[in-house]
Amino acid sequence: MQTSLETKPRAGVSGVLRFRYIGPFEVAELAELWGALHRQHTTIASHLEDLLGSVSVEESWRRRSRRYVEWLSEPDTIAVVAESGGTDVGYAMVTVREEHHGSWDRGDRVAVVQTLSVHPDHSLDFVGGGLLDEVRRQLAEMGVRDLELPAVSGNAEAIRFYESQGFRPFVTTMVSRIGAGPHD
10 MQTSLETKPR AGVSGVLRFR YIGPFEVAEL AELWGALHRQ HTTIASHLED LLGSVSVEES
70 WRRRSRRYVE WLSEPDTIAV VAESGGTDVG YAMVTVREEH HGSWDRGDRV AVVQTLSVHP
130 DHSLDFVGGG LLDEVRRQLA EMGVRDLELP AVSGNAEAIR FYESQGFRPF VTTMVSRIGA
190 GPHD
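Mapped onto the numbering used here, the consecutive letters of the sequence shown carry residue numbers 10 to 193.
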């Protein structure tokens, strides 16, 4: 995997994104961008609050940063930060898992975008699209064919963006608390 800094101009938008790959000792740099994403998710998915209940930004970051460090111990995990004008404006955390072949031929390994965060003051199309392009380039070099990602229910803007990037709905995840269903 390429670990050097790279600049990539994006057509139709003034400015240049610069991509920087990080390791487990640099995870703390992502805290502010994670916090913005956490706030967005809890606002958009407030319809789930009675079922799941959200945690504070600080607790959410404590949990997520621990997962990031775990994921980054795997050699195929990609953590890439997008910079514009010397400021971090987004990041992607992508893991690669073995595919347990079921009904579809997806290759032996599938990549999962665990997090795609774009600062709310920046363009999802420009920054998010740039990050996904960079991730896809890295995954292609690794021989990975499929990329999947979760999208929070009700996040219509993100879902439209993902569809514009070539993603299609695949599996819907339903949640229920044990002891809280209609038959309990």
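Heads up, the beta-carbon is just placed ideally off N, CA and C, and yes, glycines get one too. The structure displayed is predicted, hence computed values, not measured ones.
Straight-line spacing of the CA atoms in D142 and L61 works out to 33 Å. Classified as buried, W80 has 16 or more neighbouring CB atoms from the shown chains inside 10 Å of its CB. With distances taken between CA atoms, V78 lies nearest to V36 out of A160, V36, E157, G163. When DSSP states are grouped into helix, strand and coil, T104 belongs to the strand group. The Cβ atoms of V66 and G44 sit closer than 9 Å to each other. Boundaries for I31: no alpha helix (DSSP H) harbours it, and the DSSP string shows neither H nor E there. Membership of E38 in any beta strand (DSSP E) is not indicated, and neither H nor E is assigned to it by DSSP. T181 carries a coil assignment under DSSP once its states are collapsed to helix, strand and coil. Partner residues in the beta bridge of S126, as assigned by DSSP, are Y100. In this structure, G137 and L148 do not form a Cβ contact; the two beta carbons are roughly 16 Å apart against a cut-off of 8 Å. The beta carbon of A54 lies closer than 7 Å to those of V161, S162, G163 in the same chain, with the five residues before and after it left out. Just so you know, the alpha carbons of G94 and G111 end up roughly 45 Å apart. The three-state secondary structure of A45, taken from DSSP, is helix.
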